[in-house]
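Below: the structure, in structure tokens.
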Amino acid sequence: MPSICIYFQVHQPVRLRRFSLYDDHQPENLYERYFDLKLNKDVFNKVADKCYIPATSLLLELIRKYGDKFKISYSLTGTFLEQAAQYRPEVLDLFHDLAATGSVDFLNETYYHSLSSLFEDKTEFLEQVRKHSEELKERFGVEADVFRNTEALFSNDIARLAEEFGYKGIIAEGHERVLGWRSPNYVYSVKGCKKIKALLRNYKLSDDVSYRFSAQWWSEFPLTAEKYAKWLAESQGQCINLFMDYETFGEHQWKETGIFDFLKHFPEEAFKHEQLKFRTPDDVIAENEAVGEIDVPYALSWADIERDASAWLGNSMQRECFSLLQSLEGPVRETRDDDILHIWRLLQNSDHLYYLCTKSWADGDVHKYFSPFPSPYDGFINLMNILQDFKKQVERA
Amino acid sequence: MIGWEYPPFKTGGLAVHCYELTHALAAKGVKVDFYMPITDSGVSVSDRNIKIIQVAHAKFGAYVTRQAYGPEFFSDVHAFNNTAAERIAQHDKKERYDLIHHHDWMTALAAMKAKYLIDRPMVSTFHSIEFDRSGMWPNEYILSIEKQMAATADRIITVSKYMKGRLVEKLGADERKIRVVYNAIDAGDFKKHWDVSHGKERIVLFLGRLTEQKGPTQFLNAAKRVLEKERNVRFVMAGTGDMLGYLINLAIALGIGEKVTFIGYLPDEQKRYVYAKSDIYVMPSVSEPFGITALEAMASGTPVLVSKTSGAAEVTPHKLVIDFWDVNGMAEKMVALLRYKTLSETLGKEELRDALNLTWDKIADDTLRVYEEIARG
Chain A
1 MPSICIYFQV HQPVRLRRFS LYDDHQPENL YERYFDLKLN KDVFNKVADK
51 CYIPATSLLL ELIRKYGDKF KISYSLTGTF LEQAAQYRPE VLDLFHDLAA
101 TGSVDFLNET YYHSLSSLFE DKTEFLEQVR KHSEELKERF GVEADVFRNT
151 EALFSNDIAR LAEEFGYKGI IAEGHERVLG WRSPNYVYSV KGCKKIKALL
201 RNYKLSDDVS YRFSAQWWSE FPLTAEKYAK WLAESQGQCI NLFMDYETFG
251 EHQWKETGIF DFLKHFPEEA FKHEQLKFRT PDDVIAENEA VGEIDVPYAL
301 SWADIERDAS AWLGNSMQRE CFSLLQSLEG PVRETRDDDI LHIWRLLQNS
351 DHLYYLCTKS WADGDVHKYF SPFPSPYDGF INLMNILQDF KKQVERA
Chain B
1001 MIGWEYPPFK TGGLAVHCYE LTHALAAKGV KVDFYMPITD SGVSVSDRNI
1051 KIIQVAHAKF GAYVTRQAYG PEFFSDVHAF NNTAAERIAQ HDKKERYDLI
1101 HHHDWMTALA AMKAKYLIDR PMVSTFHSIE FDRSGMWPNE YILSIEKQMA
1151 ATADRIITVS KYMKGRLVEK LGADERKIRV VYNAIDAGDF KKHWDVSHGK
1201 ERIVLFLGRL TEQKGPTQFL NAAKRVLEKE RNVRFVMAGT GDMLGYLINL
1251 AIALGIGEKV TFIGYLPDEQ KRYVYAKSDI YVMPSVSEPF GITALEAMAS
1301 GTPVLVSKTS GAAEVTPHKL VIDFWDVNGM AEKMVALLRY KTLSETLGKE
1351 ELRDALNLTW DKIADDTLRV YEEIARG
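Chain order of the listed sequences is A and B. The first sequence begins at 1 in the working numbering and counts up one residue at a time. The second sequence begins at 1001 in the working numbering and counts up one residue at a time.
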């Protein structure tokens, strides 16, 4: 009799500007110098209209209708929150209203959607997690018990750090590489950790919505709320973790696919099955004991076929940018300049590295879909030129 | 198959293409009778499936200088085409042909006449069109032949998607009968960038005819901008052409004369060495149906910068493309390739892999697929 645990990832990177070596009029202000204000504003407005506003309004309506029977949770990155405040404050109002219902949980992650968990020195990782936690407290008055690392990057070490930071639960990908024959629909403990519980994404059922919903090649197309609720009801375990990008609703799956109708009718169809209950990640870890242990010595994530860190650090161009970023930590901190620190952290956003991915699997298409650059090589040139320029600015400061 | 040249007689890449394609097809069991003009150098082939049939004399190569387009030249073309068509019809009575495949406008009249005489499907390969060879002033007569050729052919083969678009736009060709089959090279034969010694100075290479179509002016303008950021670079221009004198003067006028070296036309052996020796190969062509030199540089593991208006840009996703008019953009990418070793190494290796995949065997398979498509009707 599993419960349904839904978590939506809400993230917008602050995208980089085309930084030209031959532009003699580069802005002095570093934010304007490296980031494309107009592009970011346009993208945010587009996604707000297609997804954030309609999806959040609908979910708010459903929660008001079903009270605490219908529960969901979110992870909102710092760069999303900042841009929402800047470009579309009404989006934040909606999340504020959601938080006030008491049926919605919020998770913690790195404020900057960064790979700082992979830095050798973990100070930066801790500071970004703290910053995110403070931001949530300040904006919505909420505190999180469950941690989700950027792109669900997970390992025994990361779980141990999260436990040290005080979290009771952590999100990870429910992949066979880690589970073997075991089901993702249970709570697990993590090797080398004391008490932290891992919630594993049921990627099959999650991707049925986020990835396959409008796929006409799919034998189950079209997916109805009724059919989906039935699949969930037939599942075994403690909790079915449906974790997906929020942009699934209206952006990756357009409104015309019927995704909002699906969402609208989903709770009602789920309630037709008595055993199905909605739970937040906090509820799940409070109500369930771990049934087994997972051992993840190497990075696991929810991206690409490999489900590792190769989407961001798979080629030498990505690793070079990442190690340059990492090496700037000392010099950046020495400046004691908050603006420079903020810029350095915005540059750590994992998306900048994601655009440099050259893996030629079917995944390449996904990278291409999200990338503002014609090729990973153009992406590398732009990022590297910016990092080199930033390095000079830091040295000068 | 009807062509204008075949090794050892050659004035351009067409001879190599015809040689490699006929041999790769023959290896797959296709019998090819290759009709071409009689030449002084003589042609011999040992493959049992290939027969070279030489008819009528021609004093000219396929891509002679434009001044040669005189009455004598066109009468040679006509004489060859007429004779070839008649010989094809005669031969067909003894041994039936399945289809007629010919290359470029110089053999188009023979193909069209033969198609009329024996009523067999006609496949036309466009390696280039008059607009790309001549720039602003196309020869109207050649243009009209190309239009007829495009209209008459049952299937058209172009060497790139870019070229396909040009055919539709410039010749009004029917998009539905065009198929793209890329060019190939024997990539394994090329010297590799990492196998030759490199001096302290980095080398950026331009290789091609020195005519406006190939973009040498933009190359020099970009060189000047690169030198504002990176001093330790030499720009090498290989090839000759009408613009040589102009370009030498331009380099001097730009104040970069000592950083530019003109090395003239290179025989194959030296060309392969120069590709490998270079750190970047730039092909800033205004319009390039394919651009075999880019593929040759790729086969050397040398990273390439190719213009968007070229067929070669299509053969690999691992590339940096440029707009031929965007001097700063071109310079910026050159600087990045010079500064960031990981970038040039990654590109060089990925491009080599894609060049190795583009074999004549694959080109023959793609060509056979076009033949079979026609055979099915």
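From the three backbone atoms N, C-alpha and C, an ideal C-beta is built for every residue, glycine too. Predicted model, so just to flag it, every value in this text is computed and none were measured.
Enclosing alpha helix (DSSP H) for residue i [first to last residue]
i	result
Arg-1087/B	1071–1094
Met-1122/B	Not the alpha helix (DSSP H): Met-1122/B falls in the beta strand (DSSP E), residues 1122–1126.
Phe-322/A	316–327
Asp-1402/B	Here chain B covers residues 1001 to 1377 and nothing more, so residue 1402/B does not appear.
Gln-348/A	First-last for Gln-348/A: undefined, no H or E at that position.
Ile-158/A	156–165
Ile-1002/B	Here Ile-1002/B belongs to no alpha helix (DSSP H), and DSSP marks it neither H nor E.
Residue-level contact to chain B via CB, residue i, 7 Å cutoff
i	result
Phe-370/A	no
Leu-21/A	yes
Ala-362/A	Confidence at Ala-362/A is low in this model, with a pLDDT of 43, below 50, so its placement is unreliable and the value that follows should be read with caution. Cβ-Cβ to chain B under 7 Å: no for Ala-362/A.
Glu-395/A	no
Leu-384/A	Sequence inspection shows Met at residue 384/A; the Leu mentioned does not correspond to that position. It does; some Cβ of chain B falls within 7 Å.
Phe-380/A	yes
Tyr-298/A	no
Ser-210/A	no
Ser-316/A	yes
Tyr-354/A	no
Tyr-377/A	yes
Lys-392/A	no
Glu-28/A	no
Whole-angstrom C-beta distance between residue j and residue i, which should lie under 8 Å
i	j	result
Thr-150/A	Ser-114/A	6 Å
Val-14/A	Asn-349/A	7 Å
Arg-1272/B	Lys-1191/B	5 Å
Phe-370/A	Tyr-354/A	7 Å
Glu-247/A	Val-47/A	6 Å
Thr-79/A	Gln-12/A	6 Å
Pro-297/A	Ser-155/A	7 Å
C-beta atoms of residue i and residue j nearer than 7 Å
i	j	result
Ala-1110/B	Ala-1085/B	yes
Arg-1234/B	Ile-1203/B	yes
Ser-219/A	Met-244/A	no
His-958/B	Gly-1301/B	Beyond the ends of chain B as shown, which are 1001 and 1377, falls residue 958/B; an answer cannot be given.
Ile-1129/B	Glu-1140/B	no
Leu-1305/B	Leu-1320/B	yes
Phe-1290/B	Ser-1134/B	no
Val-1335/B	Lys-1170/B	no
Met-317/A	Thr-1346/B	yes
Ile-6/A	Leu-242/A	yes
Glu-173/A	Leu-300/A	yes
Ile-240/A	Asn-288/A	no
Ile-1374/B	Asp-1132/B	no
Val-1181/B	Lys-1164/B	no
Endpoints, beta strand (DSSP E) assigned at residue i
i	result
Arg-279/A	277–279
Asp-105/A	104–106
Arg-169/A	Note that residue 169/A corresponds to Gly in the displayed sequence, not to Arg. Where Gly-169/A is concerned, the enclosing beta strand (DSSP E) stretches over 169–173.
Met-1036/B	1032–1038
Arg-1155/B	1155–1158
Ser-1144/B	Here Ser-1144/B belongs to no beta strand (DSSP E); instead the alpha helix (DSSP H) covers 1140–1152.
Leu-383/A	It is not in any beta strand (DSSP E) - Leu-383/A instead sits in the alpha helix (DSSP H) that spans 376–396.
Residue-level contact to chain A via CB, residue i, 7 Å cutoff
i	result
Thr-1211/B	no
Ala-1336/B	yes
Tyr-1340/B	yes
Glu-1332/B	yes
Leu-1343/B	yes
Thr-1346/B	yes
Residue i Cβ short of 6 Å to the ligand ZN heavy atom set
i	result
Glu-1095/B	With respect to the ligand ZN, the structure shown offers nothing to examine, as it has no ligands at all.
Chain D contact residues for residue i, given Cβ-Cβ distances below 9 Å
i	result
Lys-1229/B	Of the chains in the structure shown, none is chain D; the protein chains are A and B.
* At which residue ranges does the stretch 10–35 of chain A contain complete alpha helix (DSSP H) runs of 4 or more residues, listed in the order of the chain? -> Runs of the alpha helix (DSSP H) inside the stretch 10–35 of chain A: 30–34.
* In the stretch 1186–1249 of chain B, which residue ranges form an unbroken alpha helix (DSSP H) of at least 4 residues, counting only runs that do not cross its ends? -> Listed in chain order, the complete alpha helix (DSSP H) runs (minimum 4 residues) inside the stretch 1186–1249 of chain B are 1216–1229.
* What runs of the beta strand (DSSP E), each 3 residues or longer, lie entirely inside the stretch 223–289 of chain A? -> Counting whole runs of 3 or more residues, the stretch 223–289 of chain A contains the beta strand (DSSP E) stretches 239–245, 277–279.
* **Unbroken stretches of the alpha helix (DSSP H), 4 residues or longer, contained in the stretch 1244–1296 of chain B** => Listed in chain order, the alpha helix (DSSP H) runs fully inside the stretch 1244–1296 of chain B are 1244–1253, 1268–1277, counting runs of at least 4 residues.
* Asked: Going along the chain, which unbroken runs of the beta strand (DSSP E) with 3 or more residues stay wholly within the stretch 1295–1348 of chain B?
  -> Complete beta strand (DSSP E) runs here, min 3: 1304–1307, 1320–1322.
* Output the residue ranges of the alpha helix (DSSP H) runs that lie fully inside the stretch 102–144 of chain A and measure 4 residues or longer, sorted by chain position. => With a minimum length of 4 residues, the continuous alpha helix (DSSP H) runs that stay inside the stretch 102–144 of chain A are 123–140.
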